[in-house]
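Below is one structure, written out as structure tokens; the observations come after it.
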């Protein structure tokens, strides 16, 4: 016999509460193997690939691409072999612990789901507790007792109810998506008073509009009353719900010619981080314009010597190395303010964040232990981060642990700016555009390669003299790369 297992959106780390479905790599009816990648979701920090926690057949997909799903809500259903191998006469599943480990090999350690460890204390217990809220087995209806809306009945307890109502606090409030909750708030509708027509009782946009029309006598077009959820086909509810959510979240001009774009994912996280940083750390910015002609000549020589096909060594890699050397002389810039402990924490290693603009917003992937890398290694690391950012494959792990950041605003033709600190860091350096300008050179006026460096620092941690010294050191290295030897 077989049973249906609902895969709920797991906690992907750092307390993230929701994710947006970007792409499904499977469809209803597909047979998948354990750990096969089934979907890509966008968290507040990155796009994450989700491997299948079970081997089986896909029977239902709850959320279309573009729909935001809360942690603990169902994403997809799998038809898998019944662990006990049979079904009781009345169609109920034999009683078995929900957290029983699958027989398949251990899944990758993504937070909150996948095959749990086979044995051991501590981590195994945590995995089982997580699984209790993430995977709900549901036996396929055999003869009687089918749910009119979905054609399924809960397996382990024999109770009736929508998928996911056993997951902690999910039953304590009406289930809905963020755009639907905002619509209800704007219209003055209490979601707790509505009977959702979506999957598992989810309140949809149509439900909210119908309630508004009933309460105020019309004014909002609705189709929620045109079909009864009790007579809908099993797949009609999730499709209707996802279409309604997509309409709620899709940007488009209103009657006044305005376009409202929902804030979610990377943009939402970046906005919160920038507000936190700007109104917590007292920012100070200073600027230095540098003649980098000798650095440009050095880079040209290094490019000619590098084997064909490898990433080229650019000015960004040279600035990164200069930052690591300058941080050795002024460690205050490679620090952070610990408010709780009332301490300044200085780091021995430089974990260098490289700001990257992506279609989904700004991210800052990190090069760990950048101070231990040579110029070619830094160039390769930067190229790898940039490629992953463009492809949207930067992992959440790559976005953590930075101690200092660099932003190359020069690629946009900008000379200077006042960058905002990444939360938890004491310094950020912006690199301006490389330009040819007339400068004094060896007693004459000549066209020289120049750029402007813009440094912002946390004035709680860094004094003005320390910030100026750090910026001067970076500038001296770029002006004369040979100075590196005197700083080693």
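In the numbering used here, the protein residues as written are -19 to 468. Even glycine gets a Cβ: it sits at the ideal position worked out from N, Cα and C. Note that the coordinates shown come from a computational prediction; the quantities given were computed from them, not determined experimentally.
{"Item": "Please name the residue or residues paired with residue 266 in a DSSP beta bridge.", "Value": "435"}
{"Item": "Extract the residue ranges of the beta strand (DSSP E) inside the region 239 to 317, only unbroken runs of 3 or more that lie entirely within it.", "Value": "263 to 271"}
{"Item": "Out of curiosity, what's the CA-to-CA distance linking residue 458 and residue 20?", "Value": "41 angstroms"}
{"Item": "Applying the 10 Å Cβ sphere with the 16-neighbour rule, what's the burial state of residue 421?", "Value": "exposed"}
{"Item": "Could you check what DSSP says for residue 404 in three-state terms: helix, strand or coil?", "Value": "coil"}
{"Item": "Taking DSSP's pairing of strands, which residues face residue 11 in a bridge?", "Value": "37"}
{"Item": "Report all residues from its chain with a CB closer than 8 angstroms to the CB of residue 7; omit the five preceding and five following residues, and keep chain order.", "Value": "38, 41"}
{"Item": "Kindly give me the distance between the Cβ atoms of residue 332 and residue 303, rounded to whole angstroms, as I take these residues to be in contact under 8 angstroms.", "Value": "7 angstroms"}
{"Item": "Just list the residues that DSSP pairs residue 337 with in beta bridges.", "Value": "342"}
{"Item": "Is residue 343 near residue 305, with beta carbons less than 8 angstroms apart?", "Value": "no"}
{"Item": "Can you check whether the CB of residue 412 is closer than 8 angstroms to the CB of residue 432?", "Value": "yes"}
{"Item": "Going by CA-CA distance only, name the one from 400, 362, 429 that's closest to residue 414.", "Value": "429"}
{"Item": "If you draw a straight line from the C-alpha of residue 201 to the C-alpha of residue 236, how long is it?", "Value": "The predicted model places residue 201 with a pLDDT of 38, which falls under 50 and marks its position as unreliable; any figure quoted below should be read in that light. Cα to Cα, residue 201 sits roughly 19 angstroms from residue 236."}
{"Item": "Could you pull out every residue in the same chain whose Cβ sits closer than 8 angstroms to the Cβ of residue 470, ignoring the five residues on either side in sequence?", "Value": "Nothing about residue 470 can be read from this structure; the chain reaches only from -19 to 468."}
{"Item": "Which word fits residue 484, buried or exposed, when buried means at least 16 other C-beta atoms lie within 10 angstroms of its C-beta?", "Value": "The first residue shown for the chain is -19 and the last is 468, placing residue 484 beyond what the model contains."}
{"Item": "Could you tell me which of 258, 254, 299 sits nearest to residue 276, measuring between CA atoms?", "Value": "299"}
{"Item": "Over what stretch of residues does the alpha helix (DSSP H) that includes residue 446 continue unbroken?", "Value": "444 to 459"}
{"Item": "Compare the C-alpha of residue 385 against each of 273, 313, 285 and name the closest.", "Value": "313"}
{"Item": "Just checking my contact of residue 54 with residue -8 at CB under 8 angstroms: how many whole Å lie between their CB atoms?", "Value": "Wrong, their Cβ atoms sit about 16 angstroms apart, outside the cutoff."}
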